[in-house]
Structures are given as structure tokens and as C-alpha cells.
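Enquirer: All letters in the sequence shown, in the order written, are residues -15 to 313 by this note's numbering.
Quick one: this structure, given as C-alpha cells, is what I'll be asking you about.
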Amino acid sequence: MLAMAFDHAGAPLQRAERPVRAPKRGHVLVRVAACGICRTDLHVLDGDLEHPKPHVIPGHEIIGRIVAIGAGVHGFRIGDRIGVPWLGATCGRCAYCRSGRENLCDRPGFTGYTIDGGYAQFATADADYVFAIPPEYGDAEAAPLMCAGLIGYRAWKLVRSAHRLGIYGFGAAAHIVAQLAVFHGQDLYAFTRRGDRGAQKLARELGAAWAGPSEEMPPKPLDAAIIFAPVGPLVPLALKSLVKGGTLVLGGIHMTDIPEMPYALLWGERVVRSVANLTRQDAIDFLEIAPRIPIRPHVTVFDLDDANAAIARLRAGDLTGAAVLVPPG
Ligand SMILES: [Zn+2]
Ligand SMILES: [Zn+2]
């Protein structure tokens, strides 16, 4: 099969021929129909996330159809359409797994990082960590639900009681959270890179009450905010915009250093916390809610062969919504 694989930190993806392997016990093999590009993939390529599987195939927003089923798998048939998310395996035994927090597992496997992912024509996945995709969604449209949607949903759950919600970094996750927030009656404030009129326009179209550059204060103080951009200096900026008792959620797996800041920004019971990975229950809950709103991801589709060009555009902030790779059929 054709794959676009990681070579070494800082290098572009390498076009590679890889064997298609029969699924191991408990696993399924899918023909990949679409795979979203997530900001986390850029962190893998840049070496921000250490110790990837050597020559890993990135991609953890996989939509595919099952073409082979390993021994011991129940509940799936050949031809079923499934999604494969970032959380690819957990140990089931550590204190986190045993307390309903498998997202924090001490011995996890992550798709497209420690397990080969979906920048390829085929992918295998542990059948216990894949999900049926609601029929309302096309393949490419569904791909961003698998990470931008799931991580966005997990971050949003922590701020769902906020009346005025800010989002810093209006990319794939933010444009899905915006739809969750507006549907639930929250006033949304979208912060983008200065001059990113495309993202600001999309935010307003999705119902944002205000959209502007991250350096600006919102017209009213915020009850909560989520930062999706991997930019540490946004933390004091966002704290400045929060009311007392407000919550700031950091939604990215990697962030540049947070600058030194006066304690006064945190004083008043403001809370800063990160959100890590997802649980399978998050996926079940989100995939049930998404078609009822309905959440509609805005996607730009690229051929798998053009993965490096797509990543360059994502990096440059030259895309609104989500980028999705489609392999040759
Ligand atoms: Zn565990
Ligand atoms: Zn992701």
C-alpha cells in the first residue's frame, strides 16, 4: 500500500510502500476512506512529541471500511464504516484506567504516534477502540470528528456552564466547539491570529458574537475560555479576559512555554487546566450528539500524495476549518 510516513524530526513526510498486514487478534483492517490532519501530527513531525514509533504513519482521524477482521472480534462485519481516534490502546490495569480516566493511562497506545495511523491506503486498529460513524456524515466530513471533535468536546464539557465562552485559535477543533457552544446557547468569542479574516468570517458564520485578534480584549469579560493554539503567551492574555472564578482550558497536546506572569492574573479563583486525550465514553457521547445538532465540519480535501503541501498550508494558517487526506482508491 501507499503511505506517507514520518522519517525524522523536522523532515517532510516520505512517500513509502508498506505491506498490508492481516489484522492481529482483536484488531480490524480498514481501507482508509479519509484521514484528517490534526495539529498533533505537526507536533509529531516537528519532534515536539518524543519517541514516536520509528517511521510511524501519522494520522488519527481515520474513517474507513472494514476489509478484514482478526480473531476474537465481535460486533463488526466486513464493510462496516468505522472511525479510528487518537486513543488506540490502554492498559486497563493502571490506577487511571481503573478509575474511569483511561485518557490518562500510564501505558497508552496512540494512533499515528506509537501505532501506525491513517496517512495510508489501509490501517489496522484495535476493535475495542473504534467507533461506528453516524450515517449523516460523508467520509471526509466525518474525519475531523475523530479528534478535533472528540478533544474539542472533552474540552468544551469543562466549560459548558459558561455564558460567555472564548476560544483562542480558531482551527479544526474550535470550529466544531463553536457549533456545540452556539447550539447550547453560549455567547461565543473567537480569537484568531491578527488579520486571519478567513477564520474570523467562519466564526461569525457559525454564530460567534464577536471575532477578533488574540491580542485584543473581548468587549465583555469571559466566564471561560479554551486555548487550542499551541502558543504559551496566550495563557496570560486569556486569563486577563476572564471574570473571577473563570476557567481556562488548554486543549492542545503541546504548547510553547508559558511566560512568567503576575499572580494577580490567577487570583480570584481563576482556574487553568489542560485536557488530555479522550476516553472511549467521550467518543460514544460525542458521536451521539454531533448529528443531532447537527455539527457540520468544514473540510478542505487533499490527495494523500499531497500531504506535505496540505501540512504546509495548515502550518501557515492558510486553511479554515479542517484539512482531510483522501488516499487513492
Ligand atoms: Zn492504564
Ligand atoms: Zn488530534
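For glycine and all other residues, C-beta sits at the position ideal for the given N, C-alpha and C.
Given the structure is predicted, the values throughout are model-derived calculations rather than measurements.
Closer than 8 Å is the cut-off here; do at least three beta carbon pairs connect the region 292 to 301 with the region 113 to 120?
Expert: Cβ pair count under 8 Å is below three, so no.
Enquirer: Express the C-alpha separation of LEU(-3) and VAL310 in angstroms, rounding to a whole number.
Expert: On the sequence shown, residue 310 is found 326 positions in, with the first residue counted as 1. On the sequence shown, residue -3 is found 13 positions in, with the first residue counted as 1. In a straight line, the C-alpha of VAL310 is about 15 Å away from that of LEU(-3).
Enquirer: Rounded to the nearest angstrom, how far is the Cβ of ILE160 from that of PRO128, given a contact under 8 Å?
Expert: Within the sequence shown, the letter at position 176 stands for residue 160. Within the sequence shown, the letter at position 144 stands for residue 128. Correct: roughly 7 Å between the Cβ atoms.
Enquirer: Under 7 Å: does the beta carbon of ARG91 sit that close to some heavy atom of ligand 1?
Expert: What you label residue 91 is simply residue 107 of the sequence shown in a count that begins at 1. Yes; taking the cut-off as 7 Å, the Cβ of ARG91 has a heavy atom of ligand 1 nearer than that.
Enquirer: Just mark GLU1 as buried or exposed, buried being the case when its beta carbon has 16 or more other beta carbons within 10 Å.
Expert: Translated into positions along the sequence shown, residue 1 becomes position 17. Answer is exposed; the Cβ neighbour count stays below 16.
Enquirer: What three-state label does DSSP hand GLY48 in the structure shown?
Expert: The residue given as residue 48 occupies position 64 in the sequence shown. Strand, per DSSP.
Enquirer: The alpha helix (DSSP H) that contains GLN265, what's its start and end?
Expert: What you label residue 265 is simply residue 281 of the sequence shown in a count that begins at 1. Counting along the chain, the alpha helix (DSSP H) containing GLN265 begins and ends at 264 to 273.
Enquirer: Taking the alpha-carbon positions, what's the ALA381 to GLY101 distance?
Expert: Lying before the first or after the last residue shown, residue 381 is absent from the chain, which here runs from -15 to 313.
Enquirer: From what residue to what residue does the alpha helix (DSSP H) around TYR80 run?
Expert: On the sequence shown, residue 80 is found 96 positions in, with the first residue counted as 1. That run of the alpha helix (DSSP H) goes 79 to 82.
Enquirer: With a threshold of 7 Å, establish whether the CB of ILE53 neighbours any heavy atom of ligand 2.
Expert: Position 69 of the sequence shown holds residue 53. Checking the Cβ of ILE53 against ligand 2 gives no.
Enquirer: Short of 6 Å in beta carbon distance, which residues of its chain neighbour ALA156, apart from the five on each side in sequence? Order them along the chain.
Expert: Taking the sequence shown and counting its residues from 1, the one referred to as residue 156 is at position 172. The answer, listed in chain order, is PRO128, ALA132, ALA306.
Enquirer: Contact check, LEU232 vs ALA209 under 8 Å by CB: the rounded distance?
Expert: Walking along the sequence shown from the start, residue 232 turns up at place 248. Walking along the sequence shown from the start, residue 209 turns up at place 225. Confirmed, about 5 Å.
Enquirer: Please classify TYR152 as buried or exposed, where buried requires at least 16 other C-beta atoms within 10 Å of its C-beta.
Expert: Taking the first residue of the sequence shown as 1, we reach residue 152 at position 168. Buried.
Enquirer: Does the region 89 to 104 come close enough to the region 245 to 258 that 3 or more CB-CB pairs lie under 8 Å?
Expert: Verdict: no, contact absent.
Enquirer: Let's test the definition: count the other Cβ atoms within 10 Å of the Cβ of ASP25 and tell me whether it reaches 16, buried, or not, exposed.
Expert: Stepping through the sequence shown from its first residue, residue 25 is reached at position 41. Buried, by the Cβ-count rule.
Enquirer: I'd like to confirm the pairing. Which residues does DSSP put opposite VAL283 in its beta bridges?
Expert: As a working mapping, residue 283 is identified with position 299 in the sequence shown. Bridge partners of VAL283: ALA306.
Enquirer: Kindly provide the ranges of any alpha helix (DSSP H) runs that are 4 or more residues long and lie completely inside the region 228 to 254, ordered along the chain.
Expert: The region 228 to 254 contains no whole alpha helix (DSSP H) run of 4 or more residues.
Enquirer: With a Cβ-Cβ cutoff of 8 Å, do ARG49 and ARG15 count as a contact?
Expert: Against the sequence shown, residue 49 aligns to sequence position 65. Against the sequence shown, residue 15 aligns to sequence position 31. It is a contact, given that the beta carbons lie within the stated cut-off.
Enquirer: Give, in chain order, every unbroken run of the beta strand (DSSP E) that is at least 3 residues long and sits entirely within the region 64 to 135.
Expert: Listed in chain order, they are 65 to 68, 71 to 73, 106 to 110.
Enquirer: Which class does PHE175 belong to by DSSP, given the choice of helix, strand or coil?
Expert: Within the sequence shown, residue 175 is the residue found at index 191, counting from 1. Strand at PHE175.
Enquirer: Within the chosen definition, does the region 255 to 272 reach the region 222 to 232 through at least 3 CB pairs nearer than 8 Å?
Expert: Yes, since at least three Cβ pairs between the region 255 to 272 and the region 222 to 232 fall closer than 8 Å, the two stretches touch.
Enquirer: I'd like to know whether the C-beta atoms of LEU149 and ALA126 end up nearer to each other than 8 Å.
Expert: Counted from its first residue, the sequence shown places residue 149 at position 165. Counted from its first residue, the sequence shown places residue 126 at position 142. No, they are not a contact pair.
Enquirer: In or out: TYR103 buried (at least 16 other Cβ within 10 Å) or exposed?
Expert: Counting from 1 along the sequence shown, the entry for residue 103 is found at position 119. The residue is buried, with at least 16 neighbouring Cβ atoms inside 10 Å.
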